[in-house]
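**Student:** So the sequence lines, in the order shown, correspond to chains A and X. Counting in this note's numbering, the first sequence runs from 1 upward without gaps. Counting in this note's numbering, the second sequence runs from 1001 upward without gaps. Okay, handing you the structure first.
Number of protein chains: 2
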Amino acid sequence: MSSVKTPQNAEQLRIARITDSGGPLLLACGQSLDVVDIAYETWGKLSPNKDNVVIVCHALTGDQYAGGVNPITDRPAWWPRMIGPGLPIDTNRFFVIATNVLGGCMGSTGPASIGPDGKAWGVRFPTLTIADMVRAQIRLVESLGIDRIFAAIGGSMGGMQVLEWARQWKGRVAAAIPIASAARQSAQNIGFYEVGRQAIMADPDWCEGAYLEAGKRPDRGLAVARMAAHITYVSEEALKQKFDRRLQDRQDFTFGFDADFQIESYLRYQGASFVDRFDANSYLYITRAMDYFDLSTEHEGQLTLAFDGVDARFCVFSFSSDWHYTPEESKAIVRALNAANVEVSYVTIETSKGHDAFLLDEPEFEAAMTGFINATADACGLAAGLVDEHAG
Amino acid sequence: MSSVKTPQNAEQLRIARITDSGGPLLLACGQSLDVVDIAYETWGKLSPNKDNVVIVCHALTGDQYAGGVNPITDRPAWWPRMIGPGLPIDTNRFFVIATNVLGGCMGSTGPASIGPDGKAWGVRFPTLTIADMVRAQIRLVESLGIDRIFAAIGGSMGGMQVLEWARQWKGRVAAAIPIASAARQSAQNIGFYEVGRQAIMADPDWCEGAYLEAGKRPDRGLAVARMAAHITYVSEEALKQKFDRRLQDRQDFTFGFDADFQIESYLRYQGASFVDRFDANSYLYITRAMDYFDLSTEHEGQLTLAFDGVDARFCVFSFSSDWHYTPEESKAIVRALNAANVEVSYVTIETSKGHDAFLLDEPEFEAAMTGFINATADACGLAAGLVDEHAG
């Protein structure tokens, strides 16, 4: 059994048992969980009237370590450009909370957690939805004594959570910022994630989901799943710019199956490093939640009806070269919000970087985020910064 | 060891041992093969002056059974709409030859063939290039007493072979028709095929390539490889039209990892049925040959120089929604041919079907093929049909 850098190795993990005060968490599948832990991290300070809370929601393989340095890896967190003093989500002004989603593997309850019978849940864990993840986040926020948030912000699957926040907490979410996301998972995306799931489940070390009990890990299958998904996160143009057909530390083909090309070496590295930080069953559950996501389902395909009564002010972001969650899918959200009389701005960032652009150096994106967040915070009457930061 | 429908089960296989007359086949990797069989199929009749030969080149997972019915499966061959009496490649006029590529698994010598030591080659088989495949095809054609061809036609990897035919047999190829192809494999495509190779090699039943000797088959890995590749053969629009988020024989989610969605069921079927007809090591070798394909490599990136002296008349086809081999990649071929003063027509077919459109019902494509083929044959002075077909 390989060593995985999970919170079991970490000392500073912050976890809230959200079922202690709220009771069992009822899930969309009909089952309920009696014990649910949600791991989270915060930045900044909660204002005296608790009006400056920003929820940051992570994507498929993210976690609660959004800003600054990830204490598990001692490397930059996944959104260090966005969260911090003077950054778009300014921790001098906002109290930022990021959780590890329900079903995740960085301290929140998920399939790797110990179940009621004292053994790891494995695939006996109930299937989750994005709405379930947000229900758990709301419980956490409530447990911190917070009854409204200034903003929910997230990219990719994080954007799906943002949509759910605005729906589940009507009247309590001032601003909603879904980035590079969609209101319904496309057939193509279901297909790519199904490839990943099949790769994991084809690995004999998956052990029908009970690998933890068996002392094994389906690392090979999980690495293949990650490689397949990773290609969708980058535009073809970016792959061409970054790698094209350049060879990896060699002058000519080796005429074999080594990683002759840089793109091969890069993908192999993505796969190999991923298995050190992620649980294969979590990958199954979280991709399944994304597949199941379609806000229009309960409204006979009418997305507009899904936004009925939503009163957050929206800013929807997309990236021109994103083919994983396309600008067209963001526009569908915008059209439905418009039709539902929800205030919405829409920004498409011209970039060649593809889906992962929201994690990368995109000055226009950061500027637009800063502008929308601050203008909305000003309109809401939020203090420009914490008093003690401005004193003296 | 599962039963695989390969030529070992077939009775009517036509095979030529091309090394009998030509001696060992020297490969681009520097190695040579002493014994090479090429399996092939023909339709129509060779004209008395042997001027009506059309070579049809198959794509990654195709074989020599291009027209009519595949005798191994008793189902339609892979290009039945294109090859036959009165069809675009009219077998009343042309003598059509299709081979199974070198490295394939439908009767041609490949990694599943028995090597010099009496054991299956496995990954000891030398690495191949597209140029090697065409060298073997030329040997075959020569062994049939043919010293020029009217046309080379093929889609996807078949189009790469078409480009090689025009380069290797200058003065002997009248028409070249590369369809939905490219002159250099893109980083994105290398990436997708690397995912497939890693899926195969991650399967313990791959046995480091020696699965035939071990009495095993890496079916799970090969199925995942096929699933990943298959998504690239279809446009997102086509997936939406054909499947969208429709459920497979059920009214609601099962909240598990069964194939709830039609797209999942479809991909699983693609994977499961593929392993019945294809050899995993052949998949490694043939995808590698595609990765290595870049006509501009030997000319410092100048594709035009690769077409120096080429005198075939070209018709390059692409499909508007093909993101596996994009219209832009076809245009790059056209631009280079133009710059090299090679006669070339370019046709983009507007379709939502994606890459696989060349295999599907596309009336405009078939009409344009018919028009180009017949006009070029007329210009070459080919008889409009075989004499005995017109007698009486």
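The beta-carbon is built from N, C-alpha and C at its ideal position, and this holds for glycine as well. Just so we're clear, the structure is a prediction, and the values are computed from it rather than from any experiment.
Listed in chain order, which residues of the segment 1244-1275 of chain X have Cβ atoms closer than 9 Å to some Cβ of chain A?
**Tutor:** Result list: D1244, R1245, R1246, F1253, T1254, F1255, G1256, F1257, A1259, D1260, F1261, Q1262, I1263, E1264, Y1266, L1267, R1268, G1271.
**Student:** Return no unless some Cβ of chain A is closer than 8 Å to the Cβ of X/S1002.
**Tutor:** Note that X/S1002 scores a pLDDT of 39, beneath 50, so its modelled location is shaky; the value from the coordinates is reported in the next line. For X/S1002, the answer is no, since every Cβ of chain A falls outside 8 Å of its Cβ.
**Student:** Using a Cβ cut-off of 8 Å (strictly closer), state whether A/M227 contacts chain X.
**Tutor:** So, interface residue.
**Student:** At which residues does the beta strand (DSSP E) containing A/W165 begin and terminate?
**Tutor:** Premise fails: A/W165 lies in the alpha helix (DSSP H), 157-168, not in any beta strand (DSSP E).
**Student:** With which residues is X/G1397 paired in a DSSP beta bridge?
**Tutor:** Nothing about residue 1397 of chain X can be reported from this structure: the residues present for chain X run from 1001 to 1392 only.
**Student:** Could you tell me the alpha carbon to alpha carbon distance between X/V1162 and X/F1317, rounded to whole angstroms?
**Tutor:** Cα-Cα distance, rounded: 12 Å.
**Student:** Name the chain A residues whose beta carbon is nearer than 7 Å to that of X/T1127?
**Tutor:** Within chain A, the residues near X/T1127 are F255, G256.
**Student:** Which one of X/I1190, X/P1088, X/H1355 has the shortest CA to CA distance from X/A1367?
**Tutor:** The option with the nearest alpha carbon to X/A1367 is X/P1088.
**Student:** Using a C-beta to C-beta distance shorter than 7 Å, which residues of chain X count as neighbours of A/E236?
**Tutor:** Correct list: S1186, Q1188.
**Student:** Can you tell me whether DSSP reads X/A1202 as helix, strand or coil?
**Tutor:** Looking at X/A1202 - three-state DSSP - the assignment turns out to be helix.
**Student:** Just by C-beta distance, which residues in the segment 197-209 of chain A are closer than 8 Å to chain X?
**Tutor:** For the segment 197-209 of chain A, which is checked against every Cβ of chain X, the residues closer than 8 Å are R197, Q198, A199, M201, A202, D203, P204.
**Student:** Would you say X/L1140 and X/A1028 are within 8 Å of each other, going by their C-beta atoms?
**Tutor:** No, they are not a contact pair.
**Student:** Here's a check: name, in chain order, each residue in its chain whose Cβ is nearer than 8 Å to the Cβ of A/A391, leaving out the five neighbours to either side.
**Tutor:** Because the pLDDT of A/A391 is 40, which lies under 50, any placement of that residue in the model is unreliable, and the question is left without a value.
**Student:** If I follow the unbroken alpha helix (DSSP H) through A/S143, where does it start and stop?
**Tutor:** Run containing A/S143: 130-143, per the alpha helix (DSSP H) assignment.
**Student:** Touching or not, the segment 1163-1178 of chain X and the segment 1147-1155 of chain X, by the rule of three or more beta carbon pairs under 8 Å?
**Tutor:** Output reads yes: the segment 1147-1155 of chain X touches the segment 1163-1178 of chain X.
**Student:** Is there a Cβ from chain X that is less than 8 Å from the Cβ of A/R288?
**Tutor:** Taking Cβ atoms only, chain X reaches closer than 8 Å to A/R288, which makes this a yes.
**Student:** Straight-line CA distance for X/N958 to X/F1094?
**Tutor:** Outside the displayed span of chain X (1001 to 1392) sits residue 958 of chain X, for which this structure offers no information.
**Student:** Pick from X/V1096, X/K1050, X/D1051, X/S1047: whose alpha carbon is nearest that of X/G1068?
**Tutor:** When only C-alpha atoms are compared, the closest one is X/V1096.
**Student:** I want to see whether chain X comes within less than 8 Å of A/C29, judged by CB atoms only; does it?
**Tutor:** It does: the Cβ of A/C29 has a partner Cβ on chain X nearer than 8 Å.
**Student:** Which word fits X/I1393, buried or exposed, when buried means at least 16 other C-beta atoms lie within 10 angstroms of its C-beta?
**Tutor:** Since the displayed chain X opens at 1001 and closes at 1392, residue 1393 of chain X lies outside it and no answer follows.
**Student:** Taking the beta carbon of X/R1124 as the centre, do at least 16 other beta carbons fall within 10 Å, making it buried, or is it exposed?
**Tutor:** That one is exposed.
**Student:** 8 Å is my cut-off, CB to CB: does X/H1390 come that close to chain A?
**Tutor:** Bear in mind that the predicted position of X/H1390 carries a pLDDT of just 45, short of 50, making it unreliable; the figure below should be weighed with that in mind. For X/H1390, the answer is no, since every Cβ of chain A falls outside 8 Å of its Cβ.
**Student:** At 8 Å on the CB atoms, spell out the chain X contacts of A/I231, in chain order.
**Tutor:** Neighbours of A/I231 on chain X, chain order: Q1188, G1191, F1192, V1195.
**Student:** Going by beta carbon distance, what residues of the same chain come within less than 7 Å of A/V173, once the five residues before and after it are set aside?
**Tutor:** The residues are I149, A152, W165, A166, A312.
**Student:** Does X/V1224 come out as helix, strand or coil in the three-state DSSP assignment?
**Tutor:** X/V1224: helix per DSSP, three-state reduction.
**Student:** Kindly provide the ranges of any alpha helix (DSSP H) runs that are 4 or more residues long and lie completely inside the segment 1012-1048 of chain X, ordered along the chain.
**Tutor:** 1019-1022, all fully within the segment 1012-1048 of chain X.
**Student:** Please go through the same chain and pick out, in chain order, the residues whose beta-carbon is closer than 6 Å to the beta-carbon of X/N1070, but skip the five residues on each side of it.
**Tutor:** Here the set comprises A1077.
**Student:** Answer with buried or exposed for A/N341, where buried requires no fewer than 16 other C-beta atoms within 10 angstroms of its C-beta.
**Tutor:** Result: exposed.
**Student:** So who's on the other strand from A/T99, going by DSSP bridges?
**Tutor:** A/Y40, per the DSSP bridge assignment.
**Student:** Residue range of the beta strand (DSSP E) that X/Y1285 falls in?
**Tutor:** Note, X/Y1285: premise wrong, no beta strand (DSSP E); alpha helix (DSSP H) at 1280-1292.
**Student:** By the three-class DSSP mapping on this structure, what secondary structure does A/S330 have?
**Tutor:** Three-state result, A/S330: helix.
**Student:** Give the list of continuous beta strand (DSSP E) stretches no shorter than 3 residues that lie fully inside the segment 1289-1324 of chain X.
**Tutor:** The segment 1289-1324 of chain X contains these whole beta strand (DSSP E) runs: 1313-1319.
**Student:** By how many angstroms is the C-alpha of A/Q137 removed from the C-alpha of A/S108?
**Tutor:** Going from the Cα of A/S108 to the Cα of A/Q137 covers about 11 Å.
**Student:** Excluding the 5 residues flanking X/E1343 on each side, which residues of the same chain have their C-beta closer than 7 Å to its C-beta?
**Tutor:** Hits under 7 Å: R1313, F1314.
**Student:** Out of X/S1047, X/Q1302, X/L1102, X/Q1168, which one is the CA nearest neighbour of X/T1019?
**Tutor:** Comparing Cα positions, the closest option is X/L1102.
**Student:** Given that A/G110 touches chain X, what residues does it touch there, using C-beta distances under 8 Å?
**Tutor:** In chain order: nothing, as chain X lies at least about 15 Å away.
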